[in-house]
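Numbering (my numbering), first residue to last: 19 to 426.
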């Protein structure tokens with residue numbers, strides 16, 4: 019009876035049972051439900067994706083938050099993206115935490131221990147899967163002998179356990195790709211928005227979590243004063259997940275007086291060169307373009323109108339793709355169904371690019387080119403001039419413009 023209630027087979031008469039899954043279904047069934055959100059969104063059965071999102075929200079689980087957040091990045095359906103985002107916000111509000119805190123808490127360690135190892139039981143033998151600093155998996159037996167991949171079953175192995183282990187590793191690879199795809203952008207946005215973490219929370223979510231550590235290790239982090247926000251010093255994580263400073267000295271933290279951040283290169287001054295040299299010496303690759311990204315100081319662009327040029331050779335689909343990669347969302351439909359602006363949300367800030375009117379469903383182009391007409395900024399609903407933006411965000415606005423023009 020329980021299985022019948024939680025079954026979803028696309029028939030309208032069983033739609034009511036979606037609600038029951040929040041009460042009766044286990045993690046595996048919730049995961050299966052989450053995988054079908056795109057299918058529900060495209061269904062002719064009105065409201066199925068709404069019912070499914072509501073079901074996930076009712077579970078109030080980290081798993082549901084992770085599933086919905088993943089769809090906000092994966093789907094091309096605006097309605098599903100907005101519903102999933104609202105679902106994540108609903109869980110965050112119920113817990114009285116921010117969306118960013120909820121998503122970080124929902125990631126987990128995918129079964130790896132602090133060293134990045136996960137052991138799978140084949141019956142008479144065990145296989146160790148090791149998560150490397152580059153996010154790739156390696157394999158060895160209990161004696162440390164390297165294996166090219168998860169081995170197939172031998173005659174004396176437990177066939178059921180081998181099958182389960184191999185399927186688990188396949189899912190691990192999928193999960194790791196998903197996390198890298200979504201969290202790299204999230205970390206970049208944390209740098210731009212000047213997000214801060216309690217040191218103890220940061221240690222738990224980045225240094226002690228082997229999955230997020232693969233992204234955190236190559237980045238340069240800052241210790242800031244908890245009251246003034248002043249940048250006190252910078253650090254990185256070594257191979258043992260221990261923090262060290264620019265002179266390779268150990269670094270300690272204090273929740274009462276310090277916060278951890280991701281510094282924008284415009285904040286680092288001469289220290290930027292020192293950390294670039296350390297990265298080169300250690301042959302480290304950053305998860306995103308942190309230290310090597312171009313910097314735009316205030317006053318560098320004297321005439322904004324002259325700087326905004328027409329993109330004569332850019333197809334609409336290419337332009338929309340660039341907007342998407344930079345984190346911009348298309349604005350509302352206006353006259354003739356055209357979209358004339360796109361907005362990027364960075365913390366409490368909204369950056370809006372006004373551009374030539376575009377219709378995503380009709381991208382054939384016969385005009386003279388795409389024009390970026392203006393850039394505007396709002397902070398908590400209040401319009402401000404670009405020179406009032408924080409230095410890092412000001413720099414990012416012009417980084418975005420140059421990225422749209424493909425000059426950086």
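Yeah, the Cβ is synthetic: ideal placement off N, Cα and C, and Gly gets one too.
Here the structure is a predicted model, which means the values were calculated and not measured.
- In the DSSP assignment, the residues bridged to residue 253 are 239.
- Three or more beta-carbon pairs separated by less than 8 angstroms are not found between the segment 71–82 and the segment 182–199, which leaves the two stretches without contact.
- The C-beta distance from residue 273 to residue 217 rounds to 5 angstroms, short enough to meet the 8 angstroms contact threshold.
- Listed as beta-bridge partners of residue 164 by DSSP are 158.
- Between the alpha carbons of residue 209 and residue 97 lies a distance of about 29 angstroms.
- Around the Cβ of residue 342, a 10 Å sphere holds fewer than 16 other Cβ atoms; the residue is exposed.
- With respect to residue 306, residue 202 sits close: the two C-beta atoms are nearer than 8 angstroms.
- Three or more beta-carbon pairs separated by less than 8 angstroms are not found between the segment 292–307 and the segment 391–402, which leaves the two stretches without contact.
- Here residue 225 is buried. Its C-beta has 16 or more other C-beta atoms within 10 Å.
- Taken atom to atom, the span from the alpha-carbon of residue 177 to that of residue 164 is near 22 angstroms.
- Annotation for residue 59: 67, 95, 98 place their beta carbon closer than 6 angstroms to its own, counting only its chain and skipping 5 residues before and after.
- Under the 8 angstroms Cβ criterion, the segment 282–289 counts as touching the segment 408–418, having at least three qualifying pairs.
- Residue environment analysis places residue 228 among the buried positions, since at least 16 neighbouring C-beta atoms fall within 10 angstroms of its C-beta.
- Secondary structure of residue 217 (DSSP, three-state): helix.
- Contact annotation: the segment 370–380 touches the segment 342–358, with at least three C-beta pairs closer than 8 angstroms.
- In this structure, residue 134 lies near residue 149, with their beta-carbon atoms less than 8 angstroms apart.
- Considered as a whole, the segment 255–310 harbours 276–279 as its complete beta strand (DSSP E) runs of no fewer than 3 residues, in chain order.
- Residue 396: member of the beta strand (DSSP E) spanning 388–397, first to last residue.
- Taking 8 angstroms as the upper bound for CB-CB distance, residue 392 and residue 372 are in contact here, some 4 angstroms apart.
- Sixteen is the threshold: since fewer than 16 other Cβ atoms of the shown chains lie within 10 Å of the Cβ of residue 402, the residue is exposed.
- Pairing residue 295 with residue 335, the inter-Cα distance amounts to about 39 angstroms.
- A Cβ-Cβ contact shorter than 8 angstroms links residue 362 with residue 344.
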